[in-house]
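Undergrad: Note that the protein sequences, when read in sequence, are chains V and G. Under full-length UniProt numbering, the first sequence has 171 at position 171, and the numbering climbs by one with no breaks. Under full-length UniProt numbering, the second sequence has 83 at position 83, and the numbering climbs by one with no breaks. All C-beta atoms in this analysis are idealised placements derived from N, C-alpha and C, irrespective of residue type, glycine included. Since the model is a prediction, treat every value here as computed from it, not as a measurement.
There are 2 protein chains.
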Amino acid sequence: MAEPLTREQILDTTEQVLRRFGLDKTSVVDVARALGVSHGTLYRHFASKAALKEAVAERWLHEVSTPLGKIAGEEGSAFDKVRSWIERLVHIKQSKAKEDPELFAMYNALAEESVEVITAHIHELIAQLTKIVEEGMKSGEFQKGNAHEQAAAIFYATARFHHPALAKEWASSHIQEEFKQVWSLITSGLVKKS
Amino acid sequence: MAEPLTREQILDTTEQVLRRFGLDKTSVVDVARALGVSHGTLYRHFASKAALKEAVAERWLHEVSTPLGKIAGEEGSAFDKVRSWIERLVHIKQSKAKEDPELFAMYNALAEESVEVITAHIHELIAQLTKIVEEGMKSGEFQKGNAHEQAAAIFYATARFHHPALAKEWASSHIQEEFKQVWSLITSGLVKKS
């Protein structure tokens with residue numbers, strides 16, 4: 001008798017099939033065929049093609065948020081943590097884009113279609129960053145203020161270095177230098193303190 | 001006898017033809033036909049289709065850089081000027097995208113094809129901003145440092161609000177609030193000054 005289908009197995013196969021046929025041309029029947037099951041069996045796990053695609057997008061985004069969540073939970077100075085967190089985010093996105101640009105583009109198209117999944121992902125990332133910023137405000141490392149707003153501002157001010165829609169520019173030989181300059185601006189500020 | 005062809009006339013017509021046929025399907029012959037001249041005549045003004053497209057992209061980008069250049073040249077506090085400059089840049093890009101998303105997308109595709117044109121445009125913008133930052137460093141409004149690097153950092157840290165590849169997100173109801181938060185972060189900095 002065949003082993004029961006696991007969720008991971010279905011998502012692995014869906015990924016392979018999506019990669020072979022592309023986002024638009026992949027059907028649930030294709031995935032079922034690649035798994036060697038009927039599409040009825042597959043529909044018992046995922047009620048629609050949209051649900052299946054969302055699950056793939058969600059798993060991919062967890063590969064980003066999970067290591068970042070660990071950094072947010074570590075001990076240490078808030079300044080070091082916020083820097084590690086942003087650098088790790090930038091590193092994860094840029095290395096995925098570099099290693100396999102096609103797969104990266106496919107995943108981003110997939111995530112863009114799943115608005116709720118991507119919104120939840122951004123919220124999760126900003127919540128992690130908010131936690132670090134709160135710690136820094138409490139410890140006196142950071143200026144007092146609204147930690148959530150400040151975290152969102154850090155996230156958006158570094159978008160050039162981690163937003164998938166800007167991936168084409170990450171190949172620039174200046175990109176690391178530019179990140180350092182933006183980081184220094186964000187942390188120290190433009191205006192002279194009196 | 002026909003009036004002599006002006007450069008502006010050719011670019012206006014090219015714009016209309018590009019709009020009707022799209023970037024890929026427009027040929028120099030189409031533009032010549034719309035102008036009522038032979039393509040030989042048109043080639044005397046622009047040596048290739050690429051040159052014609054570059055000229056259209058350049059003119060469009062000047063609509064962005066010219067009003068910004070005026071702000072950079074005004075009298076007044078550097079702080080007010082840098083804020084006006086960035087707000088104007090954000091406003092120009094976001095209103096063009098809103099008024100006519102298709103034309104906006106076409107122009108950006110056109111500009112992306114003309115790498116030298118877009119590079120020169122970014123350099124011009126950062127040079128304008130550098131001038132304002134230098135003034136602010138001299139007047140003591142801004143922290144001392146490398147004005148060019150600081151200007152580039154301001155430009156890149158606000159990319160979310162003016163980079164055409166992110167235009168889809170400008171429709172968000174939070175976008176103005178997010179700009180304010182990023183602006184406040186950039187000017188004041190995250191870290192508490194001792």
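Using the three-state DSSP reduction, which class does residue 142 (chain V) fall into: helix, strand or coil?
TA: Residue state, collapsed to three classes: strand.
Undergrad: Counting only C-beta atoms, is residue 128 (chain V) closer than 8 Å to chain G at any point?
TA: No, because no Cβ of chain G sits closer than 8 Å to the Cβ of residue 128 (chain V).
Undergrad: Look up residue 191 (chain G) in the DSSP assignment and say whether it is helix, strand or coil.
TA: Three-state result, residue 191 (chain G): strand.
Undergrad: Just checking my contact of residue 92 (chain V) with residue 81 (chain V) at CB under 8 Å: how many whole Å lie between their CB atoms?
TA: Rounded, the Cβ-Cβ distance is 16 Å, inconsistent with contact.
Undergrad: Which of the three DSSP states, helix, strand or coil, is assigned to residue 184 (chain V)?
TA: In the structure shown, residue 184 (chain V) sits in a helix (DSSP, three-state: H, G or I).
Undergrad: Beta-carbon within less than 7 Å of residue 132 (chain G)'s beta-carbon, same chain only, minus the 5 sequence neighbours each way: which residues are those?
TA: For residue 132 (chain G), where only same-chain residues beyond five positions count, the Cβ hits under 7 Å are 72, 78, 81, 82, 85.
Undergrad: Applying the 10 Å Cβ sphere with the 16-neighbour rule, what's the burial state of residue 195 (chain G)?
TA: Lying before the first or after the last residue shown, residue 195 (chain G) is absent from chain G, which here runs from 1 to 194.
Undergrad: Closer than 9 Å, Cβ to Cβ, to anything on chain G: give me those residues from the segment 145-164 of chain V, in chain order.
TA: Of all residues in the segment 145-164 of chain V, 145, 146, 149, 150, 152, 153, 154, 156, 157, 158, 159, 160, 161, 163 have a Cβ within less than 9 Å of some Cβ in chain G.
Undergrad: Note down, in chain order, all residues in the UniProt domain "HTH tetR-type" (4-64) of chain G with a beta-carbon under 8 Å from any beta-carbon belonging to chain V.
TA: Under the 8 Å Cβ criterion, the UniProt domain "HTH tetR-type" (4-64) of chain G contributes no residue.
Undergrad: Is the segment 46-63 of chain V close to the segment 99-115 of chain V, with three or more CB pairs under 8 Å?
TA: With a cut-off of 8 Å, the segment 99-115 of chain V and the segment 46-63 of chain V count as touching, because enough Cβ pairs lie within range.
Undergrad: Does the beta carbon of residue 87 (chain G) come closer than 8 Å to any beta carbon on chain V?
TA: Residue 87 (chain G) does not count as touching chain V.
Undergrad: Using 8 Å for Cβ pairs, my map puts residue 129 (chain V) next to residue 151 (chain V). What's the rounded Cβ distance?
TA: Indeed they touch by this definition, with Cβ atoms about 4 Å apart.
Undergrad: 8 Å is my cut-off, CB to CB: does residue 178 (chain V) come that close to chain G?
TA: Answer yes: the Cβ-Cβ gap between residue 178 (chain V) and chain G drops below 8 Å somewhere.
Undergrad: I'd like to know whether the C-beta of residue 76 (chain G) is nearer than 8 Å to at least one C-beta of chain V.
TA: Not one chain V Cβ lies under 8 Å of residue 76 (chain G).
Undergrad: Residues in its own chain within less than 7 Å of residue 110 (chain G) by CB, not counting five upstream and five downstream?
TA: The residues are 23, 53, 56, 57.
Undergrad: Could you list which residues in chain V have their beta carbon closer than 8 Å to that of residue 187 (chain G), in chain order?
TA: Simply 189, 190, 191.
Undergrad: Anything in chain V within Cβ reach of residue 182 (chain G), meaning under 8 Å, just list it in chain order.
TA: Ordered by position in chain V, the residues that pass the 8 Å Cβ test against residue 182 (chain G) are 153, 156, 157.
Undergrad: On the criterion of 16 or more Cβ atoms from any shown chain inside 10 Å, does residue 36 (chain G) qualify as buried, or is it exposed?
TA: Residue 36 (chain G) should be labelled exposed.
Undergrad: Any residues in the segment 116-142 of chain G with a beta carbon nearer than 7 Å to a beta carbon of chain V? Which ones, in chain order?
TA: Those residues of the segment 116-142 of chain G that come within reach of chain V (Cβ to Cβ, closer than 7 Å) are 140, 141, 142.
Undergrad: Measuring alpha carbon to alpha carbon, tell me which residue in G:65, G:17, G:142 is nearest residue 123 (chain G).
TA: The shortest C-alpha separation from residue 123 (chain G) is found at G:65.
Undergrad: Name the residue from V:11, V:106, V:145 whose alpha carbon lies nearest to the alpha carbon of residue 31 (chain V).
TA: Among V:11, V:106, V:145, the Cα nearest to that of residue 31 (chain V) is on V:11.
Undergrad: DSSP on residue 171 (chain V), reduced to helix/strand/coil?
TA: In the structure shown, residue 171 (chain V) sits in a helix (DSSP, three-state: H, G or I).
Undergrad: Taking the runs of the alpha helix (DSSP H) that are 4 residues or longer, which of them lie wholly in the UniProt domain "HTH tetR-type" (4-64) of chain V?
TA: Here the runs fully enclosed are 7-21, 28-35, 39-45.
Undergrad: By the DSSP assignment, the alpha helix (DSSP H) with residue 162 (chain G) in it spans what residues?
TA: Counting along the chain, the alpha helix (DSSP H) containing residue 162 (chain G) begins and ends at 159-162.
Undergrad: Residue 68 (chain V) versus chain G: which residues are under 7 Å apart at the beta carbon?
TA: Result: empty, since nearest Cβ-Cβ is about 18 Å, beyond 7 Å.
Undergrad: Let's see if you can read the secondary structure: which residues bound the alpha helix (DSSP H) around residue 77 (chain V)?
TA: Here residue 77 (chain V) belongs to no alpha helix (DSSP H), and DSSP marks it neither H nor E.
Undergrad: With a threshold of 8 Å between beta-carbons, can residue 166 (chain V) be considered close to chain G, or not?
TA: Closer than 8 Å: yes.
Undergrad: Starting from the C-beta of residue 134 (chain G), find all residues in its chain whose C-beta is less than 8 Å away, skip the five residues before and the five after it, and write them out in chain order.
TA: Same-chain partners within the cutoff: 147.
Undergrad: Cα separation between residue 193 (chain G) and residue 143 (chain V)?
TA: Each residue's alpha carbon lies about 8 Å from the other.
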